[in-house]
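Right, one structure below, let's go through it.
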Amino acid sequence: MLQARIVHRQGRFTLDVKLESNGPVLGVFGASGCGKTTLLHCIAGLVKPREARIEVRTRTVCNRPGGMWVPPERRNCALVTQEPLLFPHISVRGNLAYARGAMDELESDGGWKIVEVLRLKPLLDRKPGGLSGGEKQRVALGRALLSKPDLLLLDEPTSSLDAELARDVLSLLLRVKHDLKVPMVFVTHKAPELLALADDCAVLEQGSVVAHGPPAEVLRKPRTIGVANLVGVDNLLRLRVLRHDEPGGVTILDMGGVELAAPLCDIESGSHASIGIYADEIMLCLEKPAGLSARNALACTVTQVDEVGREVLVRLRAGTNDLLARITPAAAAELKLAGDSRAVAVVKTAACHLLG
Amino acid sequence: MDWQAIWLTAKLAGITTLILAATGIPLAWWLARARKRYTFLVDALVGLPMVLPPTVLGFYVLVALGPHSPVGSLYESFAGHILPFTFESLVIASVLYSLPFAVRPFTAAFAGVDGRLLEISRSLGRGPLYTFGRVAMPLSAPGVISGLVLAFVHTVGEFGVVLMVGGNIAGETRTISISLYDDVQSLDYARAHYTAAVLLAFSFVALCVTYALQPKGRQL
Chain W
1 MLQARIVHRQ GRFTLDVKLE SNGPVLGVFG ASGCGKTTLL HCIAGLVKPR EARIEVRTRT
61 VCNRPGGMWV PPERRNCALV TQEPLLFPHI SVRGNLAYAR GAMDELESDG GWKIVEVLRL
121 KPLLDRKPGG LSGGEKQRVA LGRALLSKPD LLLLDEPTSS LDAELARDVL SLLLRVKHDL
181 KVPMVFVTHK APELLALADD CAVLEQGSVV AHGPPAEVLR KPRTIGVANL VGVDNLLRLR
241 VLRHDEPGGV TILDMGGVEL AAPLCDIESG SHASIGIYAD EIMLCLEKPA GLSARNALAC
301 TVTQVDEVGR EVLVRLRAGT NDLLARITPA AAAELKLAGD SRAVAVVKTA ACHLLG
Chain S
1001 MDWQAIWLTA KLAGITTLIL AATGIPLAWW LARARKRYTF LVDALVGLPM VLPPTVLGFY
1061 VLVALGPHSP VGSLYESFAG HILPFTFESL VIASVLYSLP FAVRPFTAAF AGVDGRLLEI
1121 SRSLGRGPLY TFGRVAMPLS APGVISGLVL AFVHTVGEFG VVLMVGGNIA GETRTISISL
1181 YDDVQSLDYA RAHYTAAVLL AFSFVALCVT YALQPKGRQL
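Chains as they are written, first to last, in our numbering: chain W, 1 to 356; chain S, 1001 to 1220.
In structure tokens:
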């Protein structure tokens, strides 16, 4: 679906990516300022990168240096941005029929299906100025789809909407994906959207792809602090490396008198490593279990227990570090956890994610 | 009323405005969009006629169009007579003189168009010209119209440049403001009052049109 090799400098920022994806929906995940929008603009042809080779559905649209550069209007990559950017002086119908060929498309069955899926029929004769944010975004999506794009480029299309409208737009995008089968590049900084929509995911950080793979995998095993923050990894620890146990396949880190076994890494002893642990990957016991495969059974003090909805958040202190564990109310009741009680936190080595 | 002068003035202002539309719109688009390091130079050049005494501008145009200049001698070899003191020379001088009054409102209007709308248009398969005509022009129409009105009115009212370049030849270069000057010189105050009042009313109406077209809160 998309092959891109781009080097582009913009002031002090450099976008340097190599991407290959069969889609049909490629999610591009990253914090703001990581170069997601610049990447989309390079694909759309709105930015002319110094060096790039971009192929959209086996068609080369850019090969620089060397001169080959297809202007945006002939790339057939429609863009939907965070703000809907409807043409304010044209009616909704005019906006929908704006693209080359969209007038005929709007009259066709396929076009009407788009109008119906996006619930645009009652809006057709209105001016964009009077529409709500969600309505505008639906029109923008319709306008892009009616151009019959080879590739739909979505630049955080739900970011300017409140939670409920964002969910609505997301469910519409899912219908677009399944019913209309339009390939997309979907830029977002929201992990749930990525999981819901993308088949393939590239994580962008400071202009480079730092991770690429199925979204679930990329999110479950964050490899950098940036990704861990975006995903919402509950425990981010900065620990000193004590030693490596190569035959054992673990690296031992210091939590301040308590040792943590993480997957073997090549960080020098004495240096620091960042470790991320999800709160629901920590198991709590009252006593250290015998015959345990998990390498970590950390003696902790419970500092706080909060019941939040249907889950209980337990704050623990292990050595000089704080840990957050998430358990069910049933488990909390059985263990009778309370402030100052003792507990053992069991963490599998593989649950200690080493962040770049 | 000097009807000949009125017709001549209307013709001059009309042709000048048309030329300014044809040249000023692309120039203003470039000024508003390209924003290169040296655009300030072009900005300053375009703005010069606003601060220059009309006689200075008129003098240089006269020299530039004179029989010893490349433009003047080329014209002479085709037309058989010299370029200054003709209607054509007045048109050239008026275009230069009224340039900022057209280009500055154009530029302000174009600069106010959200560039992202133009990008969206391109991504929807529409080329730069279609995008300009369908998005940029309608959105900047009030500014473009007021630029055209201002250029027209300003050309109608010019005096110093006309006198320097065109002289005072009835039916060829005697515009209405020159005619008014003649009236006063010949102490025909009644006729002068009449001409002046017509010019005043015309200018006021033209300005009303421009300001009425401006979106609220945006000044020229």
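Backbone N, C-alpha and C define an ideal beta-carbon position, used for all residues, glycine too. Keep in mind the model is a prediction, meaning the values are calculated, not measured.
Environment of residue i [buried if 16+ CB atoms lie within 10 Å]
| i | result |
| --- | --- |
| S:GLN1185 | exposed |
| S:ARG1218 | Here the model assigns S:ARG1218 a pLDDT of 49, short of 50, so the residue's position is not dependable and the matter cannot be decided. |
| W:ASP200 | buried |
| S:PHE1101 | buried |
| W:GLU164 | exposed |
| W:LYS136 | buried |
| S:HIS1154 | buried |
| S:ASP1188 | exposed |
| S:VAL1205 | exposed |
| W:MET358 | Examination of residue 358 of chain W is not possible in this model, given that chain W is present from 1 through 356 alone. |
| W:ARG9 | exposed |
| W:LEU15 | buried |
| S:PHE1110 | buried |
| S:SER1146 | buried |
| W:SER108 | exposed |
| S:PRO1049 | buried |
| W:LYS48 | exposed |
| W:ASN22 | exposed |
| S:TRP1029 | buried |
Bridge partners - residue i, DSSP secondary structure assignment
| i | result |
| --- | --- |
| W:PRO263 | W:VAL250 |
| W:THR328 | For W:THR328, which the question treats as bridged, DSSP gives no partner whatsoever. |
| W:GLU55 | W:GLN3 and W:THR60 |
| S:GLN1185 | Bridge partners of S:GLN1185: none, in fact. |
| W:THR301 | W:ARG317 and W:ARG342 |
| S:GLN1004 | Partner(s): none; S:GLN1004 has no beta bridge. |
| W:ALA211 | W:VAL203 |
| W:SER21 | W:LEU2 |
| W:TRP69 | W:CYS62 |
| W:ARG9 | W:THR14 |
| W:ILE275 | W:LEU237 and W:LEU354 |
| W:MET184 | W:VAL25 and W:LEU152 |
| W:LEU284 | W:ALA345 |
| W:CYS77 | W:LEU151 |
| W:ASP306 | W:LEU313 |
| W:ILE323 | It is worth fixing the name first, because residue 323 of chain W is Leu in this sequence and not Ile. Beta-bridge pairing links W:LEU323 to W:LEU316. |
| W:ASN95 | None; W:ASN95 has no bridge partner. |
| S:ASN1168 | Bridge partners of S:ASN1168: none, in fact. |
Short Cβ contact (8 Å threshold) for residue i with residue j
| i | j | result |
| --- | --- | --- |
| S:SER1222 | W:ALA52 | Since the first and last residues shown for chain S are 1001 and 1220, residue 1222 of chain S lies out of range. |
| W:ALA191 | W:VAL233 | no |
| W:LEU172 | W:LEU141 | yes |
| W:ASN235 | W:ILE267 | no |
| W:THR324 | W:LEU286 | The sequence shown places Leu at residue 324 of chain W, rather than the Thr named in the question. It is not a contact, given that the beta carbons lie outside the stated cut-off. |
| W:LEU124 | W:LEU131 | no |
| S:THR1107 | S:ALA1034 | no |
| S:LEU1180 | S:ALA1196 | yes |
| W:ASP279 | W:ALA318 | Residue identity differs from the one stated: residue 279 of chain W is Ala in this sequence, not Asp. Their beta carbons are not under 8 Å apart, which means W:ALA279 does not touch W:ALA318 by this criterion. |
| S:ALA1136 | S:VAL1113 | yes |
| W:GLU156 | W:GLN206 | no |
| S:LEU1012 | S:VAL1091 | yes |
| W:LEU159 | W:GLY133 | It is Ser, not Leu, that sits at residue 159 of chain W in the sequence shown. For W:SER159 and W:GLY133, no; Cβs fall outside 8 Å. |
| W:LEU219 | W:MET184 | no |
| S:PRO1084 | S:LEU1065 | yes |
| S:LEU1148 | S:THR1009 | no |
| W:THR388 | W:LEU355 | The requested residue 388 of chain W does not occur in the structure, where chain W is confined to residues 1 to 356. |
| W:VAL169 | W:PRO84 | no |
Rounded Cβ spacing between residue i and residue j (contact assumed at less than 8 Å)
| i | j | result |
| --- | --- | --- |
| W:ALA198 | W:VAL25 | 5 Å |
| W:LEU118 | W:LEU106 | That belief does not hold up - the Cβ atoms of W:LEU118 and W:LEU106 are roughly 12 Å apart, past 8 Å. |
| S:ASN1168 | S:ILE1176 | At roughly 12 Å, the Cβ-Cβ gap does not stay under 8 Å, so S:ASN1168 and S:ILE1176 are not in contact. |
| W:VAL203 | W:ALA211 | 4 Å |
| W:HIS189 | S:PRO1138 | At roughly 35 Å, the Cβ-Cβ gap does not stay under 8 Å, so W:HIS189 and S:PRO1138 are not in contact. |
| W:VAL302 | W:ALA338 | 7 Å |
| S:GLY1157 | S:VAL1103 | That belief does not hold up - the Cβ atoms of S:GLY1157 and S:VAL1103 are roughly 18 Å apart, past 8 Å. |
Test: residue i CB closer than 8 Å to a CB of chain C
| i | result |
| --- | --- |
| S:VAL1135 | Of the chains in the structure shown, none is chain C; the protein chains are W and S. |
The ligand ADP heavy atom lying under 7 Å from the CB of residue i
| i | result |
| --- | --- |
| S:ILE1092 | As for the ligand ADP, it is missing from this structure, which has no ligand bound. |
**Report entry** Unbroken stretches of the beta strand (DSSP E), 3 residues or longer, contained in the region 1089–1117 of chain S
**Finding:** none
Report task. Please go through the region 105–179 of chain W and give each complete beta strand (DSSP E) segment of 3 or more residues, from N-terminal end onward. Result -> 151–155
Query - Ordered list of alpha helix (DSSP H) runs contained in the region 1120–1159 of chain S, each at least 4 residues - result: 1128–1131 and 1137–1157
Query raised in the report: Which residue spans inside the region 217–245 of chain W form an unbroken beta strand (DSSP E) run of at least 3?
Result: 235–245
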